[in-house]
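Colleague:
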Amino acid sequence: MKTNTLSPDLLYKMDAYWRAANYLSVGQIYLCDNPLLKRSLALSDIKHMLLGHWGTAPGQNFIYAHLNRVIKKYDLDMIYVSGPGHGGQALVGNTYLEGSYSEVYPDISQDEAGLKKLFQQFSFPGGIPSHVSPECPGSIHEGGELGYSLSHSFGAVFDNPELIVACVVGDGEAETGPLATAWHSNKFLDPVGDGAVLPILHLNGYKISNPTVLARISHEELDQLLRGYGWTPYFVEGDEPVLMHEAMAATLNTVIEEIKAIQHEARVNGNTTRPRWPMIVLNSPKGWTGPKVVDGKPVEGSFRSHQVPLSDPASHPGHLELLENWLKSYRPQELFDQQGHLNPELAELAPEGQRRMGANPHANGGLLLRDLRLPDFRDYAVDVPSPGIRGIGDTHILGRFLRDVMKLNDEQRNFRIFGPDETLSNGLEALFETTQRQWDAATLPNDEFLARSGRVMEVLSEHQCEGWLEGYLLTGRHGLFNSYEAFIHIVDSMFNQHAKWLKVTAGLPWRRKISSLNYLLASHVWRQDHNGFTHQDPGFIDHVVNKKAEVVRVYLPPDANCLLSVMDHCLRSRHYVNVVIAGKHPAPHWLSMDEAVRHCTAGIGVWPWASNDNGTAPDVVMACCGDVPTLETLAAVSILREHLPELKVRVVNVVDLMKLQPQSEHPHGLSDGDFDNLFTREKPVIFAFHAYPWLIHRLTYRRTNHDNIHARGYKEEGTITTAFDMTVLNDLDRFHLVIDVIDRVPQTGEKGLALKQQLKDKLFEHKQYINLHGQDMPEIRNWQWGKAPDNSPA
Ligand SMILES: Cc1ncc(C[n+]2csc(CCOP(=O)(O)OP(=O)(O)O)c2C)c(N)n1
79 MKTNTLSPDL LYKMDAYWRA ANYLSVGQIY LCDNPLLKRS LALSDIKHML LGHWGTAPGQ
139 NFIYAHLNRV IKKYDLDMIY VSGPGHGGQA LVGNTYLEGS YSEVYPDISQ DEAGLKKLFQ
199 QFSFPGGIPS HVSPECPGSI HEGGELGYSL SHSFGAVFDN PELIVACVVG DGEAETGPLA
259 TAWHSNKFLD PVGDGAVLPI LHLNGYKISN PTVLARISHE ELDQLLRGYG WTPYFVEGDE
319 PVLMHEAMAA TLNTVIEEIK AIQHEARVNG NTTRPRWPMI VLNSPKGWTG PKVVDGKPVE
379 GSFRSHQVPL SDPASHPGHL ELLENWLKSY RPQELFDQQG HLNPELAELA PEGQRRMGAN
439 PHANGGLLLR DLRLPDFRDY AVDVPSPGIR GIGDTHILGR FLRDVMKLND EQRNFRIFGP
499 DETLSNGLEA LFETTQRQWD AATLPNDEFL ARSGRVMEVL SEHQCEGWLE GYLLTGRHGL
559 FNSYEAFIHI VDSMFNQHAK WLKVTAGLPW RRKISSLNYL LASHVWRQDH NGFTHQDPGF
619 IDHVVNKKAE VVRVYLPPDA NCLLSVMDHC LRSRHYVNVV IAGKHPAPHW LSMDEAVRHC
679 TAGIGVWPWA SNDNGTAPDV VMACCGDVPT LETLAAVSIL REHLPELKVR VVNVVDLMKL
739 QPQSEHPHGL SDGDFDNLFT REKPVIFAFH AYPWLIHRLT YRRTNHDNIH ARGYKEEGTI
799 TTAFDMTVLN DLDRFHLVID VIDRVPQTGE KGLALKQQLK DKLFEHKQYI NLHGQDMPEI
859 RNWQWGKAPD NSPA
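Here our numbering is used: the first residue of the sequence shown is 79, the next is one more, and so on.
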């Protein structure tokens with residue numbers, strides 16, 4: 079189709095701007111000197127380590143230049159997400175051309191000296207990484223680990239009705255599971271309250287050394303696939319720059335006007351039909367405009383252009399001339415003056431101020447972050463007249479607090495809860511008293527809590543939940559991800575990337591802190607009553623604690639009041655990943671709200687009412703971390719008190735797992751003195767832990783009393799069975815804990831041995847009972863702290 083969207087003059091300038099960006103992309107990979115090619119290239123101008131990715135860069139430079147035009151034409155509030163973020167130099171180069179880069183890094187000035195530094199620093203020790211890393215202004219998505227660009231983009235536009243995210247999806251990236259599912263995000267977008275995502279599938283045909291699937295299906299099949307996902311694809315295809323500029327410009331006009339029309343229909347005319355949002359398929363050669371043939375092999379339009387198409391000229395002499403010709407093909411003398419300034423006619427093609435994609439505040443979310451309005455969590459407290467009273471399940475109580483967090487921030491529209499279809503299952507039903515699940519696909523009369531606009535985001539993809547939430551947080555809002563504990567592992571790697579992002583951005587003064595990524599892991603390992611072994615895996619925290627201490631926090635509140643206190647803290651915190659593990663099943667309450675606040679503020683502490691060492695040296699420390707281990711520990715303590723009353727027992731409860739680490743390793747870590755005061759220097763410690771027991775050793779191996787810490791936890795034993803039997807299967811139950819004490823405290827003597835035998839009999843009786851009755855023994859079910867009669871093991 080012949081169009082004339084661009085005047086000849088504008089077309090020339092846009093092509094020149096693209097050439098300038100391409101020149102910078104090549105220069106960053108290769109040059110450490112001679113940035114304007116004022117003299118012939120010499121070996122000394124070339125970096126020794128040639129690192130980076132060329133193949134994706136020219137396509138992304140092309141896209142960026144064209145987005146600049148529509149931003150100006152339509153005064154768009156737009157940011158750019160680069161799925162193939164490995165082409166980092168493209169974004170660095172474009173933000174340099176538009177001036178936003180030099181504003182953040184004045185040393186990289188827009189002149190010859192700055193150009194030289196720009197080239198030198200890229201993929202260079204002490205410089206910047208080769209991806210669209212946090213150091214790159216305008217980036218909310220590094221794109222190192224492929225697959226999350228669309229999810230991040232959707233997260234960014236939720237509750238940002240004026241924002242458009244131009245999301246470049248690599249055709250290789252599109253093969254990943256998360257990306258393949260992310261196309262469905264269009265069924266979760268509210269055209270009234272949310273902004274728009276413009277996906278641009280970068281169909282450059284190849285990955286590292288393979289073709290891409292989407293490039294090797296027919297045009298028709300790809301068109302049908304994308305339509306099947308609910309999009310209207312517009313194809314821009316070819317390799318002839320002039321024709322491609324015109325096609326891209328015309329198509330961008332079309333899609334932007336379509337986006338605006340959809341939004342107008344929904345916002346002004348109240349049309350509630352789910353729209354088919356437009357998207358672009360850019361089919362252009364990989365390594366476009368680069369060397370066509372190198373050492374007799376085709377490079378442009380092939381996988382060979384993925385990284386560095388020309389090798390180090392020191393060992394490949396012919397490559398120096400090829401490189402010089404390649405750089406000169408962009409005619410840099412037409413683009414930059416002798417001082418290295420971009421030709422002003424080209425410079426004015428870029429948008430101005432915050433409309434520049436490198437300076438858009440949405441891409442530095444902390445700038446826009448407003449505190450949440452939080453109700454007083456103490457108002458949701460459970461009354462605990464004495465420790466051990468029965469409760470309805472901790473997350474159900476938390477749900478009421480979260481409901482009111484939603485309510486209070488309804489106007490600010492800056493808080494959402496994300497989950498893979500588990501918000502109800504995880505006990506947060508109270509949320510639906512005030513909001514709905516956002517859903518723009520069809521609904522049936524029997525559906526529950528679905529609405530076009532809602533603050534709960536549910537899709538059965540942990541990847542989408544995580545990606546959406548990250549995008550939401552990175553653009554300056556707040557949120558919570560609730561998930562089954564076992565399946566949060568699905569996003570282990572996404573968590574990694576986000577934690578890395580937080581670590582790096584914390585060290586960049588111009589990046590403002592964002593709100594924390596909060597995980598609520600309910601439906602945990604110990605209570606998988608109707609699911610069993612597949613749903614039993616508490617290992618996410620083993621994974622989390624690998625990350626930098628300044629970024630990660632892990633909380634295991636033992637009861638509802640502690641959970642409220644912890645969650646309040648997490649929602650106020652900044653720039654962390656907070657993992658909170660809590661139960662949803664009926665469970666005892668131990669602490670009044672005042673006690674809970676004190677305990678959670680300390681993060682760890684002795685429970686004096688459960689201890690009988692009365693401030694003297696104990697014979698044994700019973701430590702517990704997690705709701706179920708706390709229950710079993712207290713039940714064990716009550717057995718000890720009844721049968722071995724002379725034994726001095728100290729109960730230590732841990733809410734903040736990082737307290738166990740040495741202070742040198744984690745800012746929350748206890749000093750060695752404080753640790754010794756709690757756990758003693760030489761007494762046995764029986765530690766009942768929620769997760770895999772080895773983690774306790776990993777965290778405490780440097781402590782004085784480490785040799786005497788005996789940790790119990792989940793040992794990968796599980797099935798569908800009773801709640802108590804789960805603890806028995808893993809030796810975490812009250813009877814095993816008492817036996818552990820007897821085995822480690824010699825002074826229990828004959829009395830201890832007799833008790834041990836009784837407890838072994840009890841364990842036998844327990845097995846027989848559950849196999850016959852299908853539920854736990856009454857003395858287990860009805861056990862309550864402080865109520866002696868049912869406690870007797872005899
Ligand atoms: C999850 C993940 N798996 C593998 C890689 C290694 N990798 C880096 S680039 C690349 C090919 C990407 O192809 P595409 O998305 O089409 O990007 P482009 O062709 O634009 O470079 C691969 C496999 C990665 N970065 N992330």
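Note that the Cβ used here is the ideal one computed from N, Cα and C, for glycine as well.
#1: Would you mind working out which of GLY250, GLU213, ASP415 and THR259 sits nearest PHE232, comparing C-alpha positions?
#2: In three-state DSSP terms, what is SER870?
#3: Verify the contact flag: GLY830, CB atom, against every heavy atom of ligand 1, threshold strictly below 7 Å.
#4: Just checking: is the beta-carbon of ARG590 within a distance shorter than 8 Å of some beta-carbon in chain D?
#5: CB-CB under 7 Å to ASN442, same chain, minus the five flanking residues each way: which ones, in chain order?
#6: State the Cα-Cα distance for the pair ASP868 and ARG468, rounded to the nearest angstrom.
#7: Should LEU286 be counted as a contact of ligand 1 given a C-beta to heavy atom distance under 7 Å?
#8: Can you tell me whether DSSP reads MET357 as helix, strand or coil?
#9: Give the DSSP bridge partners of ALA252, in chain order.
#10: Should the segment 420 to 439 be called in touch with the segment 149 to 156, which here means at least 3 C-beta pairs below 8 Å?
#11: Do VAL534 and ILE568 have their C-beta atoms closer together than 8 Å?
#12: Between the C-alpha atoms of HIS21 and ARG354, what's the straight-line distance to the nearest angstrom?
#13: Between PRO162 and ligand 1, is the CB less than 7 Å from at least one heavy atom?
#14: Could you check which residue in GLU507, TYR770, GLU710 and HIS297 has the C-alpha nearest to that of GLY796?
#15: In the DSSP assignment, find the unbroken alpha helix (DSSP H) run with ILE764 in it and report its ends.
#16: Hey, could you find the ends of the beta strand (DSSP E) PHE496 is sitting in?
#17: Tell me whether ASN282 counts as near ligand 1, meaning its Cβ is closer than 7 Å to at least one heavy atom of that ligand.
#18: At what residues does the alpha helix (DSSP H) containing ASN874 begin and finish?
#19: Can you check which of these residues, ASP237, ILE295, VAL483 and PRO465, is closest to ALA688 by C-alpha distance?
#20: Let me check one thing: in DSSP terms, what residues is HIS280 bridge-paired to?
#21: Classify PRO666 as buried or exposed, calling it buried when 16 or more other Cβ atoms lie within 10 Å of its own Cβ.
#22: Got a sec? Which residues, its chain only, sit under 7 Å from SER539 by beta carbon, not counting five neighbours each side?
#23: Here's the rule: buried if 16 or more other CB atoms are within 10 angstroms of the residue's CB, otherwise exposed. What is ARG434?
#24: Classify ARG822 as helix, strand or coil using the three-state DSSP reduction.
#25: Leaving out five residues on either side along the sequence, give the residues of the same chain with a beta carbon under 7 Å from the beta carbon of CYS648.
#26: For ligand 1, I want to know if ASP249 counts as a neighbour, meaning its beta carbon is within less than 7 Å of at least one of the ligand's heavy atoms.
#27: Do the CB positions of LEU450 and VAL483 come within less than 8 Å of each other?
#28: Could you say if the segment 716 to 727 and the segment 606 to 613 meet the contact criterion of at least three C-beta pairs nearer than 8 Å?
#29: Tell me whether the beta-carbon of ASN331 lies closer than 8 Å to the beta-carbon of THR83.
#30: Give the secondary structure of LEU538 by DSSP, where H, G and I count as helix, E and B as strand, and everything else as coil.
#31: Using the C-alpha atoms, what's the distance from LEU145 back to VAL333?
#32: Is LEU224 close to ligand 1? I mean its beta-carbon at under 7 Å from any heavy atom of the ligand.
#33: Quick check: what's the CA-CA separation for MET322 versus TRP517?
#34: Taking only the alpha-carbon atoms, compute the straight-line gap between GLN862 and ASP646 and give it to the nearest angstrom.
#35: What are the boundary residues of the alpha helix (DSSP H) that HIS677 is part of?
Modeller: In short, the structure shows the following:
#1: Of the listed residues, the one whose Cα sits closest to PHE232 is THR259.
#2: Per-residue confidence for SER870 stands at a pLDDT of 48, beneath the threshold of 50, marking its modelled position as unreliable; no derived number is given.
#3: Distances between the C-beta of GLY830 and the heavy atoms of ligand 1 are all 7 Å or more.
#4: No chain D is present in this structure, which holds just one protein chain.
#5: ARG589 and ARG590
#6: Residue confidence for ASP868 is low, a pLDDT of 49 falling below 50, so the modelled location carries little weight and cannot support an answer.
#7: In the sequence under discussion, the amino acid at residue 286 is Ile, which differs from the Leu named in the question. Flag set: Cβ of ILE286 near ligand 1.
#8: strand
#9: ALA252 is not bridged to any residue.
#10: yes
#11: For VAL534 and ILE568, no; Cβs fall outside 8 Å.
#12: Nothing can be reported for residue 21, as the shown portion of the chain is limited to 79 through 872.
#13: yes
#14: Closest in alpha carbon position to GLY796, among GLU507, TYR770, GLU710 and HIS297, is TYR770.
#15: It is not in any alpha helix (DSSP H) - ILE764 instead sits in the beta strand (DSSP E) that spans 763 to 767.
#16: From DSSP, the beta strand (DSSP E) with PHE496 extends over 493 to 497.
#17: yes
#18: Absent from the structure is residue 874, since the part of the chain shown begins at 79 and ends at 872.
#19: Sorting ASP237, ILE295, VAL483 and PRO465 by C-alpha distance to the C-alpha of ALA688 places PRO465 at the top.
#20: DSSP lists GLY248 and LEU360 as the bridge partner or partners of HIS280.
#21: Answer is buried; the Cβ neighbour count reaches 16.
#22: THR259 and PRO498
#23: ARG434 comes out buried.
#24: helix
#25: SER594, ASN596, ASN656 and VAL658
#26: Checking every heavy atom of ligand 1 against the Cβ of ASP249, one is found closer than 7 Å.
#27: yes
#28: Contact between the segment 716 to 727 and the segment 606 to 613 is not established, with fewer than three Cβ pairs separated by less than 8 Å.
#29: yes
#30: coil
#31: Those two C-alpha atoms are separated by around 12 Å.
#32: At a threshold of 7 Å, LEU224 counts as near ligand 1, since its beta carbon sits closer than that to one of the ligand's heavy atoms.
#33: 37 Å
#34: 29 Å
#35: 671 to 680
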